[in-house]
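Here is the structure we will look at.
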Amino acid sequence: MFERFVAIDWSGAKGKHLPGLAIAIADAGQAAPCLVAPPRGNAWSRQEVVAFIEDQVRQGGVLIGMDFSFSLPFMDAGRYFPFGSPKVDNARDIWRLVERVCAGDDHLYARHFVEADRFAPLFRWPGHLGGAYKPRLRVTEARCRDAGFGPAESVYNLIGPAQVGLASLSGMRLLARLCERLRSLVVWPFATPATGQSCLVEMYSRLFLKRAGIHGVKVRTPDQLKAALDALGSAPFRGEDASALSDHETDVLVSAAGLRNLVAGGDPAIWKPPGLSDKVRLTEGWTFGVV
């Protein structure tokens, strides 16, 4: 169904070139995934990642996984925002809303949304607890917790190393731009890819570690990386020095192999998981592989 599998570790940090951005690619089959070097310097920028995705999609036949929440919680309250405004009822409009609010943020940063008078009450960050803050979860995040894949975090919590809020909002800006520029791109589960069509999915890197039998949040040693890739049906990493890899790099190597392994398994539930109703599909999306 796909010729290539790409995993991208996204970042919500402020700045242009960010060490938290990493990309790995795995060809169909069992070949080892490889890291993709940034086009200049030692770190990717978010704009460079956008250009990379555009190039991959135009080549066709690629499944791209990115580790951020593709939408905000909706189903728990029957709406995105407790104060009833703005009246938005689908994820694609959320992407466009975040992009509009954050137009003044450079490099796809998303702080303007978090600090806007309308939305700041929903969030907590160091030194700030919004009056309307609740650690709301999407259906897929609750399912991820219940299934033991990991403690998926609320997008509204901006405290702690596991927080995904700013990365997710920045990622929604990315989605808005990609959908505007690439009419052929399918963003699952909001649409379903046809054979040979490129597809972008939300992923949770820790899920692939669980599937590989790694009991921890990160791959720390070359032996752990080799074991994880082997468990996911992949040849070992052929880089120069696996011990020098960052957490971001090991995450994407394992995730690229994990995406390929999920698809190769042929389980129809990965595309139609229990709990993914039409309403959930429209408003919240889903994390690929959470069944």
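For the sequence shown, the working numbering begins at 13 and goes up steadily by one. Where a beta carbon is used, it is the ideal one built from N, C-alpha and C, also for glycine.
Can you tell me the Cα-Cα spacing of residue i and residue j, whole angstroms?
i	j	result
Ile282	Ser267	15 Å
Pro147	Leu84	11 Å
Phe125	Val302	28 Å
Leu221	Arg150	22 Å
Arg108	Arg193	13 Å
Arg104	Cys191	9 Å
Phe80	Ala43	26 Å
Asn169	Glu60	27 Å
Leu241	Arg123	36 Å
Gly287	Glu153	11 Å
Glu165	Ala254	29 Å
Gly96	Phe135	16 Å
Glu127	Tyr92	17 Å
Asn102	Gly251	42 Å
Ala144	Phe131	9 Å
Pro280	Gly116	42 Å
Ala256	Trp22	20 Å
Leu271	Arg112	32 Å
Val213	Cys156	16 Å
Lys99	Pro285	28 Å
Ser258	Ala224	19 Å
Phe300	Trp200	8 Å
Ala206	Tyr216	23 Å
Val48	Gly278	27 Å
Pro204	Ala269	Reading off the sequence shown, one finds Thr at residue 204, where the question assumed Pro. Roughly 21 Å between the two C-alpha positions.
Thr233	Lys26	29 Å
Ala63	Phe82	19 Å
Pro94	Cys114	21 Å
Thr262	Gly41	20 Å
Asp235	Leu219	19 Å
Trp56	Gly90	38 Å
His260	Arg70	26 Å
Looking only at its chain, what residues have a beta carbon closer than 6 Å to the beta carbon of residue i, apart from the 5 residues adjacent to it on each side?
i	result
His140	none
His119	Lys28, Arg58
Trp298	Thr152, Pro201, Leu288
Taking a contact to mean a Cβ-Cβ separation below 9 Å, would you say residue i touches residue j in this structure?
i	j	result
Pro163	Ala179	no
Phe249	Pro45	yes
Ser210	Gly73	yes
Met78	Ile37	no
Asn273	Leu237	no
Val231	Gly24	no
Ile35	Val264	yes
Ile226	Ala239	yes
Pro133	Ile171	no
Pro50	Leu33	yes
Return no unless some Cβ of chain D is closer than 9 Å to the Cβ of residue i.
i	result
Pro285	Here chain D cannot be found, since the structure has a single protein chain.
Residues bridged to residue i by DSSP?
i	result
Leu30	Trp56
Asp21	Ala34
Met78	Ile20, Glu214
Asp101	Its beta-bridge partners do not exist; DSSP assigns none.
Leu190	Leu190 pairs with nothing; no bridge assigned.
Val198	Cys211
Cys46	Ile37
Which same chain residues end up closer than 8 Å to residue i when comparing Cβ atoms and leaving out the 5 residues on each side of it in sequence?
i	result
Met87	Arg150, Val151, Lys291, Val292, Thr295, Glu296
Gly160	Lys222
Val110	Ala122, Phe125, Leu181, Met184, Arg185, Ala188
Val275	Met13, Phe14, Phe17, Leu75, Ile282
Gln68	Arg16, Val18, Val74, Ile76, Ser210
Once the 5 residues before and after residue i are set aside, which same chain residues still bring their CB inside 7 Å of it?
i	result
Ile65	Ile76, Leu190
Gly208	Gly72, Gly73
Gly53	His29
Gly305	Outside the displayed span of the chain (13 to 303) sits residue 305, for which this structure offers no information.
Ala229	The sequence as given places Val at residue 229; Ala does not occur at that position. Contacts found: Arg218.
Ile106	Ser83, Leu84, Tyr92, Val100, Met184
Asp129	none
In chain order, which alpha helix (DSSP H) runs of at least 4 residues are fully inside the region 120 to 182? 123 to 127, 151 to 158
Where are the alpha helix (DSSP H) runs, 4 residues long or more, that stay fully inside the region 231 to 262, in chain order? List check, alpha helix (DSSP H) in window: 234 to 243.
Would you list, in sequence order, the uninterrupted alpha helix (DSSP H) runs of no fewer than 4 residues that lie entirely inside the region 276 to 301? 290 to 295, all fully within the region 276 to 301.
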